[in-house]
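All remarks here apply to the structure that follows.
Residue numbers (this note's numbering): 44 to 660.
Now the structure itself:
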C-alpha cells in the first residue's frame, strides 16, 4: 500500500468534515510520490555500523541485548531519557528503507516523556502487565514526514505499556506492520493524521476512551476492550473477540464483529521480574475467548522462561552458530539489526521461541529460506522482518516440511508480528514468502509485501509468485495482509482454514493481460481456496486494484472458492482505488463490478448472498 495521489480522497470519509477532506487532499497533492531511495537490503550494514545507533550504557549486571537497544529506568533524569528518544526518532522518522533498528524498553515505573515512534522502532514496557509501566505524555505515530499521509507508516510497534496522553488523546496513524499490542490507553485513540491511512492491527489492548478511525481504510481489532466505543469506517473494520465492539453492520457502515476467537495465543514478550532478572513470558493457548489476557489484574495464562535459556543473536552472528544453539535446545532472542544468513535457521525442537526485538531483520543471501520449522508442536516465531536477498529463494519461511501430516491442535505453532518484504530496500526475489505445511498453525498479524515503491522494484526485478500458501489443515489467520504478488496473494489448499480479516492490493505493475492471466481469466484471485477444500470460513476480506503499467486492465475476480456448504465468506469488499482498473466480480462470478462507475462492490456473505451493493467511494 503506498498510494499518494490526491485521487484517493474521493473515498467515503465517514464523519470527516468537508473542510478536513479538502485539507487532506491538498496535503496529499503536495506530497512527493515516494520517499528518497535507500541502500539495497543486501548491502545494508548491521545496526552497529549506523552512526549514532549505539545502545544506551548498560547498568552493572544487565544483559547485553545488542546495538540499538535502549533500556530506560524511572530513576534516570527525564531530560536524558527524552533526549535519547528524540535522537532515535530523528534517525528513524524518514528511514523507510534504512538500516537502523531500535528497541526502546522501559523498566517498570512512571515516565513523563513523549515517545514519537519512527520506522523500525519498537517501544515496549518491561513489566509483566501493561500497567507496570506508565507513560504520562504520549506514545504515538505521526505522518508529518509525509504531509499527513500515513499509507507508508510501516514497521514500528507499541507494546505492553500504559499511556496517559497529556492531551487526552493519542495518535497511532499507521498502515501495515505496525502493531498496537498489549496496550492500556487511558484516553482516546486516533488512527489517522488527516491524510490517508491504510490499515492496522490492535490486539490484547484496553482503550479507556473512544477509538476514532478517521481515514483508516481497514483495521483488525482482536481480543481487546473498547470502553469508549468506536467511531468511523471506510471499507473494512473487523472486530474479533472484542468487548465493546460495534455490532456487525457490513456493508453500511462496513463493520464486522465476531463474538469470540476460536483458538488464539498472544505474542511472547521480554520483561524484568521483581528480582531484576530478565525473563520472556510465553502466553498460553486460549479457546473461545473475548477481551484481553491481563485486564483482570494478572499477567494472563502462560509461563516464564529465564533469559539464560535464550541464545542472544547479535548482528554478525553466523547462521551456523545460531543453528548449533537451536540444536542444543536454546531459544533465540534476535536483537535489533540486519542479520545476513548464508543458510536457513532451522527450528527442530518442540516449543522453541524465536523472538525478535526492534524489527530484527533476516536476509537470506544465498537463495535459501531464512527460517524453517519442523513439523513439531508449540513453536513461537515473533517480531521479525524477513527481507528477500538478491538470489531468488524458493520460499522465505517454511512451517513444516512439504507433506507434513502430524496434528498440533493442543499446542500449535504460532507466528506473531512476522513480516516479509521483497524489494523496496533493494533488489530481492522469492517464489513464495510463507509456506505453511503444518496443521493447526496460528498466524497473528502477518504482512507479506512485494514492494511497489523504493529501490529494486519492477515486474521483472522484484519477482515473487505467491505470498502465502497454506497446505496444512485447520490453520487460522488473524490479521492477514498480503500485497502485490504476481500470481496468488494467498493460495489455500488445506481443509478447515479460517481467516479473520484479509487486506490485499493486487500488483500495481502487470504490463498487460498476457503477462498476468490465470488460464483464460485475466488476473489471479487475491485469495483462492483450492477446489479440493471442503471446509473454509473467512470474515472481513478486502481486495483492491490500481494498475499503473496497464491502466484499464480488468481482473476477472477478487476471490475464488469452491461452492460447497462448508466454504463460507462473510463481509467482502472489492475496490477500484482510482477507477483506473476493474474487478469484474467479487467471488467467482458473483458480485461486482468495481470499476470506474461504481468503485466499491460488497457482498455481505457468500454463497448465501444477502446483500449486494456497488458504491462510489
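For glycine and all other residues, C-beta sits at the position ideal for the given N, C-alpha and C.
If I follow the unbroken beta strand (DSSP E) through residue 153, where does it start and stop? The sequence position of residue 153 within the chain shown is 110, counting from 1. From DSSP, the beta strand (DSSP E) with residue 153 extends over 152–154.
Please classify residue 25: is it buried, with 16 or more other beta-carbons within 10 angstroms of its beta-carbon, or exposed? For the chain, the structure presents residues 44 to 660; residue 25 sits outside this window and is missing.
Within a Cβ cutoff of 6 Å, which residues of the same chain sit near residue 279, ignoring the five residues on either side of it in sequence? Stepping through the chain shown from its first residue, residue 279 is reached at position 236. Excluding residues within five positions, the ones whose Cβ falls inside 6 Å are 261, 297, 583, 585 and 616.
Identity of the residue in 504, 234, 203 and 207 nearest residue 216 by Cα: Here residue 216 refers to the residue found at position 173 of the chain shown. Nearest C-alpha to residue 216: 234.
Measure the Cβ-Cβ separation of residue 447 and residue 474 and say whether it is below 8 Å. Position 404 of the chain shown, counted from the first residue, corresponds to residue 447. Position 431 of the chain shown, counted from the first residue, corresponds to residue 474. Taking 8 Å as the Cβ cut-off, residue 447 and residue 474 do not qualify as a contacting pair.
By Cβ distance, which residues of its chain are closer than 6 Å to residue 393, with the 5 residues on each side in sequence left out? In the chain shown, counting from the first residue as 1, residue 393 sits at position 350. Taken in chain order, the residues that qualify are 419, 420 and 421.
Leaving out the 5 sequence neighbours to the left and right, which residues in its chain are closer than 6 Å to residue 355 when beta-carbon positions are compared? For this step, residue 355 is matched to residue 312 along the chain shown. Excluding residues within five positions, the ones whose Cβ falls inside 6 Å are 376.
Could you pull out every unbroken alpha helix (DSSP H) segment of at least 4 residues lying fully inside the segment 389–450, listed in chain order? Taking only runs of at least 4 residues, no alpha helix (DSSP H) segment lies wholly in the segment 389–450.
Starting from residue 336 and walking both ways along the beta strand (DSSP E), at which residues does that stretch end? Position 293 of the chain shown holds residue 336. Run containing residue 336: none; DSSP gives neither H nor E here.
For a quick check, are the C-beta atoms of residue 286 and residue 334 less than 8 Å apart? As a first step, residue 286 is located in the chain shown; it is residue number 243 there, counting from the start. As a first step, residue 334 is located in the chain shown; it is residue number 291 there, counting from the start. Cβ atoms of residue 286 and residue 334: closer than 8 Å.
Could you tell me if residue 385 is buried or exposed, where buried requires 16 or more neighbouring beta carbons within 10 angstroms of its beta carbon? For the purposes of this step, residue 385 is taken as the residue at position 342 of the chain shown. Residue environment for residue 385: exposed (fewer than 16 other C-beta atoms within 10 angstroms of its C-beta).
Are there 16 or more other CB atoms within 10 angstroms of the CB of residue 538, so buried, or fewer, so exposed? Taking the first residue of the chain shown as position 1, residue 538 is located at position 495. Classification of residue 538: buried, given that the 10 Å Cβ count is 16 or more.
Continuous alpha helix (DSSP H) stretch holding residue 598: start and end: Along the chain shown, read from residue 1 onward, the residue named residue 598 stands at position 555. No alpha helix (DSSP H) contains residue 598, which is instead part of the beta strand (DSSP E) from 597–603.
Quick one: grab the DSSP three-state call for residue 379. As a first step, residue 379 must be located in the chain shown, where it is residue number 336. If DSSP states are grouped into helix, strand and coil, residue 379 belongs with coil.
Of all the options 140, 181 and 133, which has the alpha carbon lying nearest to the alpha carbon of residue 153? As a position in the chain shown, residue 153 is number 110, starting the count at 1. Shortest Cα-Cα distance from residue 153 to any of 140, 181 and 133 involves 181.
At what residues does the beta strand (DSSP E) containing residue 463 begin and finish? In the chain shown, counting from the first residue as 1, residue 463 sits at position 420. Where residue 463 is concerned, the enclosing beta strand (DSSP E) stretches over 457–465.
Please go through the same chain and pick out, in chain order, the residues whose beta-carbon is closer than 7 Å to the beta-carbon of residue 196, but skip the five residues on each side of it. Looking up residue 196 in the chain shown gives position 153. Within the same chain, residue 196 has close Cβ partners 184, 186, 216, 217, 218 and 221.
Is it the case that the Cβ atoms of residue 6 and residue 570 are separated by a distance below 8 Å? Residue 6 cannot be examined here, being either before or after the span of the chain that is shown, 44 to 660.
Going by DSSP, name the residue or residues bridged to residue 566. In the chain shown, residue 566 corresponds to position 523, counting from 1. Partner(s): 560.
From which residue to which residue does the alpha helix (DSSP H) around residue 129 run? Taking the first residue of the chain shown as 1, we reach residue 129 at position 86. Here the alpha helix (DSSP H) through residue 129 covers 121–135.
Between the beta-carbon of residue 510 and the beta-carbon of residue 484, is there less than 8 Å? Locating residue 510 in the chain shown gives position 467, counting from the first residue. Locating residue 484 in the chain shown gives position 441, counting from the first residue. No, these two residues do not count as a Cβ contact at 8 Å.
Measure the beta-carbon distance from residue 374 to residue 396 and round it to whole angstroms, keeping in mind my assumption that it falls under 8 Å. Indexing the chain shown from 1 puts residue 374 at position 331. Indexing the chain shown from 1 puts residue 396 at position 353. Between residue 396 and residue 374 the Cβ distance is about 4 Å, and since that is below 8 Å, they are a contact.
Please look up how many angstroms separate the CB atoms of residue 610 and residue 643, rounded, as I've assumed it's under 8 Å. For the purposes of this step, residue 610 is taken as residue 567 along the chain shown, with counting starting at 1. For the purposes of this step, residue 643 is taken as residue 600 along the chain shown, with counting starting at 1. With a Cβ gap of about 24 Å, residue 610 and residue 643 do not count as contacting.
Would you kindly work out how many angstroms separate the C-alpha atoms of residue 402 and residue 299, rounded to a whole number? Mapped onto the chain shown, residue 402 falls at position 359. Mapped onto the chain shown, residue 299 falls at position 256. Approximately 30 Å, taken between the alpha carbons.
Report, in whole angstroms, the separation of the C-beta atoms of residue 17 and residue 443, which I expect to be a contact under 8 Å. The structure shown has nothing for residue 17, since the chain only spans 44 to 660.
Quick one: residues in its chain with C-beta nearer than 6 Å to the C-beta of residue 629, no 5 flanking neighbours on either side, listed in chain order? In the chain shown, counting from the first residue as 1, residue 629 sits at position 586. Answer for residue 629: 601, 615, 617, 635, 644 and 646, listed in chain order.
Residue 640, DSSP secondary structure in three states: The residue you call residue 640 lines up with position 597 of the chain shown. Residue 640: coil per DSSP, three-state reduction.
Does the count of Cβ pairs from the segment 117–129 and the segment 361–374 closer than 8 Å reach three? no
Could you give the DSSP three-state label for residue 350: helix, strand or coil? Residue numbering aside, residue 350 sits at position 307 when the chain shown is read from its first letter. Here residue 350 sits in helix by DSSP.
Between residue 316 and the rest of its own chain, which residues show a CB-CB distance below 8 Å, the 5 nearest in sequence each way excluded? Within the chain shown, the letter at position 273 stands for residue 316. For residue 316, where only same-chain residues beyond five positions count, the Cβ hits under 8 Å are 171, 322 and 347.
Please work out which residues of its chain come closer than 7 Å, Cβ to Cβ, to residue 599, disregarding the five sequence neighbours upstream and downstream, and give them in chain order. In the chain shown, the residue the question calls residue 599 occupies position 556. Counting only Cβ-Cβ distances below 7 Å, and skipping sequence neighbours, we find 564, 565, 566, 627 and 628.
With distance defined between alpha-carbon atoms, name the residue in 273, 162 and 188 nearest to residue 199. Position 156 of the chain shown holds residue 199. For residue 199, the nearest C-alpha among the options comes from 162.
Separation of residue 580 from residue 605, as counted between CA atoms: Here residue 605 refers to the residue found at position 562 of the chain shown. Here residue 580 refers to the residue found at position 537 of the chain shown. Looking at the two C-alpha atoms, the distance is approximately 12 Å.
Residue 191 versus residue 239: straight-line alpha-carbon distance, rounded: The residue labelled residue 191 in the question sits at position 148 within the chain shown. The residue labelled residue 239 in the question sits at position 196 within the chain shown. Roughly 8 Å between the two C-alpha positions.
Could you tell me which residues DSSP puts in a beta bridge with residue 228? Taking the chain shown and counting its residues from 1, one reaches residue 228 at position 185. Answer by DSSP bridge pairing, in chain order: 206 and 250.
Alpha-carbon to alpha-carbon, residue 266 and residue 670: Residue 670 lies beyond the stretch modelled for the chain, which goes from 44 to 660, so this question has no answer here.
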